[in-house]
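Student: Got a structure for you, written out below as structure tokens; questions coming shortly.
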Amino acid sequence: EVQLLESGGGLVQPGGSLRLSCEASGFTFSYYAMSWVRQAPGRGLDWVSIICDNGGCTYYEDSVMGRFIISRDNSRNTLYLQMNSLRVEDTALYYCVKGVPVGKKTTHFDHWGQGALVTVSS
Amino acid sequence: VLTQSPGTLSLSPGERATLFCRTSQRASSPVAWYQHKPGQPPRLLIYGASTRAPGIPARFSGSGSGTDFTLTISSVEPEDFAVYYCQQRTDWPLWTFGQGTKVEIK
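Taken in sequence, the protein lines are chains U and F. Anchor point for the first sequence: position 103 equals 103 in my numbering, and the numbering is continuous, going up by one each time. Anchor point for the second sequence: position 3 equals 1003 in my numbering, and the numbering is continuous, going up by one each time.
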């Protein structure tokens, strides 16, 4: 059974930093791209970032580029999101999600964690 | 940009639900659909526009191509009341979600 367990969420002041972790199990972690998707209170789903299976490529949504860093440790089956210069509008539930390749491209996501809540407030 | 319609769909159990997703440009991949209930993570329903994910009941079906896609629930069950999102990968490697359609009990 695929399991994705996020941790590291919490309350942080604007301008602060936080690191989310996602421990994966039930599949061969190093075979799949992994991503973070967030949902702000009362809003829809927003894709944040993605990392290739071997960590050799990363992509970011425009509003987090330069502030967030996605990484992974395939020896520990763990995905990370380092969030710096946090803003009030980054407040959201952050989901760790497993990508599904179609050909050589990851087109959608088939498993989601329960989410880690990040609150940015003074 | 993915535009979903309607914003809210009010239905009684047993009725047919038709949800729409329009993309602003012809993208590199067809849409996926997710169901999201409060307090739970989203669940993949459909990928490749029309392929049901494992374990998804046959009452859920997807169709469409190019810029217009549809999710149909042939006969809505009580457990189907939720928010539904379409999602697509574009040529610039971005993964975009629609704003969601809420299917509520009439």
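For glycine and all other residues, C-beta sits at the position ideal for the given N, C-alpha and C.
On the DSSP bridge list, what partners appear for GLU1104 of chain F?
Tutor: Locating residue 1104 of chain F in the second sequence gives position 104, where the first residue counts as 1. According to DSSP, GLU1104 of chain F bridges with F:SER1010.
Student: Report back the beta-carbon spacing between SER30 of chain U and ASP53 of chain U to the nearest angstrom; my notes put them in contact at under 8 Å.
Tutor: Taking the first sequence and counting its residues from 1, the one referred to as residue 30 of chain U is at position 30. Taking the first sequence and counting its residues from 1, the one referred to as residue 53 of chain U is at position 53. Between ASP53 of chain U and SER30 of chain U the Cβ distance is about 6 Å, and since that is below 8 Å, they are a contact.
Student: What three-state label does DSSP hand PRO101 of chain U in the structure shown?
Tutor: Within the first sequence, the letter at position 101 stands for residue 101 of chain U. Strand.
Student: Shorter than 8 Å from the beta carbon of TRP102 of chain U to some beta carbon of chain F?
Tutor: Within the first sequence, residue 102 of chain U is the residue found at index 102, counting from 1. Residue 102 of chain U is actually Val in this sequence, not Trp. It does: the Cβ of VAL102 of chain U has a partner Cβ on chain F nearer than 8 Å.
Student: Would LEU45 of chain U and PHE1097 of chain F be called neighbours here (beta carbons separated by less than 8 Å)?
Tutor: Your numbering for residue 45 of chain U matches position 45 in the first sequence. Your numbering for residue 1097 of chain F matches position 97 in the second sequence. Yes, Cβ-Cβ distance for LEU45 of chain U and PHE1097 of chain F is below 8 Å.
Student: Within the 8 Å Cβ cut-off, does SER1085 of chain F reach chain U?
Tutor: Taking the second sequence and counting its residues from 1, one reaches residue 1085 of chain F at position 85. Looking at the sequence itself, residue 1085 of chain F is Tyr, so the reference to Ser does not match. So yes, TYR1085 of chain F belongs to the interface.
Student: Mind listing the chain U neighbours of GLN1035 of chain F? Cutoff is C-beta to C-beta under 8 Å, in chain order.
Tutor: The residue you call residue 1035 of chain F lines up with position 35 of the second sequence. Simply none; closest approach about 11 Å.
Student: Between which two residues does the beta strand (DSSP E) harbouring VAL1031 of chain F extend?
Tutor: The sequence position of residue 1031 of chain F within the second sequence is 31, counting from 1. Where VAL1031 of chain F is concerned, there is no enclosing beta strand (DSSP E), given that its DSSP letter is neither H nor E.
Student: Should MET34 of chain U be labelled buried (16 or more other beta-carbon atoms within 10 Å of its own) or exposed?
Tutor: Sequence index remark: in the first sequence, residue 34 of chain U carries index 34 (1-based). Buried is the call here.
Student: Below 8 Å on the Cβ atoms is my contact criterion, and I expect VAL1103 of chain F with LEU1009 of chain F to pass it. Report the Cβ-Cβ distance as a whole number of Å.
Tutor: What you label residue 1103 of chain F is simply residue 103 of the second sequence in a count that begins at 1. What you label residue 1009 of chain F is simply residue 9 of the second sequence in a count that begins at 1. Contact holds; Cβ gap of about 5 Å.
Student: Alpha carbon to alpha carbon, how far is TYR95 of chain U from LEU1071 of chain F?
Tutor: Walking along the first sequence from the start, residue 95 of chain U turns up at place 95. Walking along the second sequence from the start, residue 1071 of chain F turns up at place 71. Going from the Cα of TYR95 of chain U to the Cα of LEU1071 of chain F covers about 24 Å.
Student: If we define contact as Cβ-Cβ less than 8 Å, is GLY1007 of chain F a contact residue for chain U?
Tutor: Numbered from 1 along the second sequence, position 7 holds the residue referred to as residue 1007 of chain F. With 8 Å as the cut-off, GLY1007 of chain F does not count as an interface residue toward chain U.
Student: Which residues, taken in chain order from the segment 1050-1070 of chain F, show a beta carbon closer than 9 Å to some beta carbon of chain U?
Tutor: ALA1053 and PRO1054
Student: Among F:THR1101, F:GLN1099, F:PHE1081 and F:TRP1095, which has the Cα closest to the Cα of THR106 of chain U?
Tutor: Locating residue 106 of chain U in the first sequence gives position 106, counting from the first residue. Considering only alpha carbons, the answer is F:TRP1095.
Student: Which residues, in chain order, does the segment 35-57 of chain U contribute to contact with chain F at a C-beta distance below 9 Å?
Tutor: Within the segment 35-57 of chain U, the residues whose Cβ lies closer than 9 Å to some Cβ of chain F are SER35, VAL37, GLN39, ARG43, GLY44, LEU45, ASP46, TRP47, ILE50 and CYS57, listed in chain order.
Student: Is the beta carbon of ALA116 of chain U less than 8 Å from the beta carbon of GLY8 of chain U?
Tutor: If you number the first sequence from 1, residue 116 of chain U lands on position 116. If you number the first sequence from 1, residue 8 of chain U lands on position 8. Judged by their CB atoms, ALA116 of chain U and GLY8 of chain U are nearer to each other than the 8 Å cut-off.
Student: Which residues in the same chain have their Cβ closer than 6 Å to the Cβ of LEU11 of chain U, if we skip the five residues on either side of it in sequence?
Tutor: The residue given as residue 11 of chain U occupies position 11 in the first sequence. Taken in chain order, the residues that qualify are THR119.
Student: Starting from ALA1032 of chain F, find everything on chain U with Cβ-Cβ shorter than 8 Å and list it in chain order.
Tutor: As a working note, residue 1032 of chain F is residue 32 in the second sequence. Here the neighbours are THR107, HIS108 and PHE109.
Student: Please list the terminal residues of the continuous beta strand (DSSP E) segment that includes GLY1062 of chain F.
Tutor: Working through the second sequence from its first residue, we reach residue 1062 of chain F at position 62. Segment 1060-1065, the beta strand (DSSP E) holding GLY1062 of chain F.
Student: Flag this pair as yes or no: are the beta carbons of SER17 of chain U and MET83 of chain U separated by less than 8 Å?
Tutor: Locating residue 17 of chain U in the first sequence gives position 17, where the first residue counts as 1. Locating residue 83 of chain U in the first sequence gives position 83, where the first residue counts as 1. Yes; because the gap between Cβ atoms is below 8 Å, this pair is in contact.
Student: Is DSSP giving ASP1080 of chain F helix, strand or coil here?
Tutor: Here residue 1080 of chain F refers to the residue found at position 80 when the second sequence is read from its first residue. Helix at ASP1080 of chain F.
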